[in-house]
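K.L.:
Here it is: the structure, laid out below.
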Amino acid sequence: MTVPRKRAATIRDVAEAAQVSTATVSKFVNGNQRFTAEVEARIAQAVRQLGYSLNPMARGMITGQTGNVGIVILDIRNPYFTSLVKGAARQAASAGLNLIIADAEESTSPELGVLQSLRRRVDGLIVSARLPAPAIESLFDSGTPVVFYGRPSPYENNHNVGCDNYAAALMLGRHLRELGHRRISYLGFSGARWSFERERGLKDAFKGVDARFRSFDAHAPSAEEGERLASTVLLSQELDDAIVTYNDLLAMGLLVEAKSLGIRVPEQVSVAGFDNLAYGRLVSPALTSVDMMGEATGELAMRKLVGVIKGQPSVHEDDVLQSRIVARESTGPRRTRVND
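According to UniProt numbering, the sequence shown is numbered sequentially starting from 1.
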């Protein structure tokens with residue numbers, strides 16, 4: 001015996017149950033128009049009871065949630081953020097949420113239109129504390145749940161997830177110190193608070209020894225900028241023992257130009273970066289880097305955000321992930337100098 005399949009509810013069924021016109025139901029479920037609280041309550045009740053299929057916007061009008069979460073990355077061209085998104089996406093999927101990705105393009109605009117547009121479409125956001133303060137404040141004013149990635153963060157009342165940049169650089173500096181290096185250049189990116197923490201940790205690793213430091217500032221944390229500044233860093237004075245860059249992209253660009261200048265790495269100078277990008281093991285020589293745990297950061301940040309959205313009680317604090325050095329071919333023992 002064949003059991004007759006239950007007929008799916010139609011918009012006419014909802015209209016009759018809610019005692020409104022089909023046009024009113026259509027406008028409501030498509031999010032085209034708002035009505036009085038009483039009318040919306042009747043429609044919402046009819047939709048639930050009849051099991052009428054809703055589009056996401058209508059579902060948001062009824063439940064108060066969209067089922068979407070967002071992540072704003074600083075530069076879609078940077079593979080570090082690919083890892084960050086991968087971790088966040090996996091955790092969002094396990095929570096039954098859709099992930100929307102937006103690229104801030106390293107913008108310093110206080111309005112940051114991409115952020116304002118995205119917050120209206122999501123139940124919560126993962127963002128960097130490096131975004132312009134006015135844009136962040138507007139998120140707080142709107143009541144949007146926010147979790148930050150990357151430390152340090154000045155927003156103490158929100159979850160913040162990431163590695164300790166100072167500790168990571170201190171670890172790398174000690175590695176270079178153990179290799180005998182004493183003349184160090186740091187190619188940073190002043191547009192990022194993280195860069196200052198990395199420079200500070202690097203310098204502190206050499207306390208108690210006779211060391212020399214030079215600092216350079218990149219206009220962007222990109223391979224192109226590393227290549228552009230390489231001759232300045234490598235040729236402006238006597239060659240350093242080691243060069244540390246704000247991220248792997250800068251280091252990769254510098255390695256390309258070093259080869260064209262005839263400077264051998266690591267025989268003449270060691271080079272190291274941060275992020276442990278997958279491409280780092282493919283360049284020549286393979287790049288020594290500090291793994292800043294991008295994928296794990298994205299996953300934990302999303303887990304924290306889901307908890308905030310669900311109203312789960314928790315203490316707003318920094319979640320510090322442990323970074324690690326991945327030593328490859330681009331660093332080696334200090335070369336012997338004629339005047340040593």
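Backbone N, C-alpha and C fix where the C-beta goes; we use that ideal spot for every residue, glycine too. From a predicted model like this one, the values you see are computed outputs, not experimental measurements.
Could you check where the beta strand (DSSP E) with G143 kicks off and where it finishes?
P.N.:
Here G143 belongs to no beta strand (DSSP E), and DSSP marks it neither H nor E.
K.L.:
Indicate the three-state DSSP secondary structure (helix, strand or coil) for A327 in the structure shown.
P.N.:
The answer is coil: DSSP assigns A327 none of H, G, I, E or B.
K.L.:
What is the rounded straight-line gap between the Cα of T331 and the Cα of A242?
P.N.:
Their backbone Cα atoms lie some 8 Å apart in a straight line.
K.L.:
Skipping 5 residues on each side, what residues in its chain have a beta carbon closer than 6 Å to that of V290?
P.N.:
A168, L172, F274, S323, I325.
K.L.:
Expressed to the nearest angstrom, what Euclidean distance is found between the alpha-carbon atoms of M292 and D141?
P.N.:
So the alpha carbons of these two residues sit roughly 31 Å apart.
K.L.:
What would DSSP say about I73, mapped onto helix, strand or coil?
P.N.:
Reduced to three states, the DSSP call for I73 is strand.
K.L.:
Flag this pair as touching only if the region 129 to 140 and the region 113 to 121 have three or more C-beta atom pairs under 8 Å; answer yes or no.
P.N.:
Touching, per the Cβ criterion.
K.L.:
Measuring alpha carbon to alpha carbon, tell me which of L74, A192, R42 ends up nearest S21.
P.N.:
Of the candidates L74, A192, R42, the one whose C-alpha sits nearest the C-alpha of S21 is R42.
K.L.:
What is the C-beta distance between R335 and Q268, in whole angstroms, given that I count them as a contact (C-beta under 8 Å)?
P.N.:
Indeed they touch by this definition, with Cβ atoms about 6 Å apart.
K.L.:
Please list the terminal residues of the continuous beta strand (DSSP E) segment that includes N98.
P.N.:
From DSSP, the beta strand (DSSP E) with N98 extends over 98 to 103.
K.L.:
What separation, rounded to the nearest whole angstrom, lies between the Cα atoms of residue 341 and T66?
P.N.:
The requested residue 341 is not part of the displayed model; the chain covers only 1 to 340.
K.L.:
Please identify the residue among G262, A251, P132, P266 whose C-alpha is closest to the C-alpha of N276.
P.N.:
It is A251.
K.L.:
Within 10 angstroms of its Cβ, does V209 collect 16 or more other Cβ (buried), or is it exposed?
P.N.:
Exposed, by the Cβ-count rule.
K.L.:
Taking the DSSP output, what are the residues bridged to V320?
P.N.:
V320 pairs with G162.
K.L.:
Grouping DSSP H, G and I as helix and E and B as strand, with all else coil, what is G288?
P.N.:
A small fix is needed here, since residue 288 is Thr in this sequence, not Gly. Residue state, collapsed to three classes: strand.
K.L.:
Per DSSP, T245 is paired with what?
P.N.:
In DSSP, T245 forms a bridge with L187.
K.L.:
Which residues in the same chain as E329 place their Cβ atom closer than 6 Å to its Cβ, once the five residues preceding and following it in sequence are excluded?
P.N.:
If we look at E329 and ignore the five residues flanking it on each side, its Cβ neighbours are P285, A286.
K.L.:
Using a Cβ distance threshold of 8 Å, determine whether the region 76 to 85 contacts the region 294 to 307, with at least three qualifying pairs required.
P.N.:
As far as the Cβ criterion goes, the region 76 to 85 touches the region 294 to 307, which means the pair count is three or higher.
K.L.:
Where F196 and P221 are concerned, what is the direct C-alpha to C-alpha distance, given to the nearest angstrom?
P.N.:
If you take the alpha carbons of F196 and P221, they lie about 14 Å apart.
K.L.:
What residue range does the beta strand (DSSP E) around R214 cover?
P.N.:
Run containing R214: 212 to 217, per the beta strand (DSSP E) assignment.
K.L.:
Taking the straight line between their C-alpha atoms, what separation do you get for T2 and A9?
P.N.:
Note on T2: pLDDT 49, under 50, position unreliable in the model; no value is reported.
K.L.:
Quick check: the region 122 to 134 against the region 144 to 151, are at least 3 beta-carbon pairs closer than 8 Å?
P.N.:
Yes, since at least three Cβ pairs between the region 144 to 151 and the region 122 to 134 fall closer than 8 Å, the two stretches touch.
K.L.:
Using the Cα positions of G226 and L115, report the straight-line distance between them to the nearest angstrom.
P.N.:
When rounded, the distance between both Cα atoms is 29 Å.
K.L.:
Is it right to say Y166 is buried, meaning 16 or more other beta carbons lie within 10 angstroms of its own, or is it exposed?
P.N.:
Under this definition Y166 is a buried residue.
K.L.:
In this structure, what does DSSP give as the bridge partners for L125?
P.N.:
Per DSSP, G70, V146.
K.L.:
Under 8 Å Cβ to Cβ from V338, same chain only, skipping five residues before and after it: list those, please.
P.N.:
Because the pLDDT at V338 is just 43, under 50, the model does not fix this residue reliably, and the value given afterwards should be weighed accordingly. Closer than 8 Å at the Cβ level, and outside the excluded window around V338, lies no residue.
K.L.:
Give me the residue from V14, I73, D75 with the minimum Cα distance to L50.
P.N.:
Closest option to L50, Cα to Cα, is V14.
K.L.:
With distances taken between CB atoms, is the gap from Y186 to E199 smaller than 8 Å?
P.N.:
Yes, they are a contact pair.
K.L.:
Helix, strand or coil, according to DSSP, for F274 in the structure here?
P.N.:
Note: F274 maps to strand in three-state DSSP.
K.L.:
Count the other CB atoms, across all protein chains shown, that sit within 10 Å of the CB of Q91; report buried if there are 16 or more and exposed otherwise.
P.N.:
Buried, by the Cβ-count rule.
K.L.:
Between the C-alpha atoms of G180 and A205, what's the straight-line distance to the nearest angstrom?
P.N.:
Roughly 12 Å between the two C-alpha positions.
K.L.:
Just to confirm my understanding: we take V306, look at its own chain, exclude 5 residues before and 5 after, and list those with CB closer than 6 Å. What are they?
P.N.:
Excluding positions up to five away in sequence, the list reads A95.
K.L.:
Could you tell me the boundaries of the alpha helix (DSSP H) in which Y80 lies?
P.N.:
Per DSSP, Y80 belongs to the alpha helix (DSSP H) from 79 to 94.
K.L.:
How would you label A258, buried or exposed, when you count the other beta carbons within 10 angstroms and need 16 or more for buried?
P.N.:
A258 is buried by the Cβ-count criterion.
K.L.:
Return the chain-ordered list of same chain residues with a C-beta closer than 6 Å to the C-beta of L176, the five sequence neighbours on each side being excluded.
P.N.:
Cβ neighbours of L176 beyond the five flanking positions: A242.
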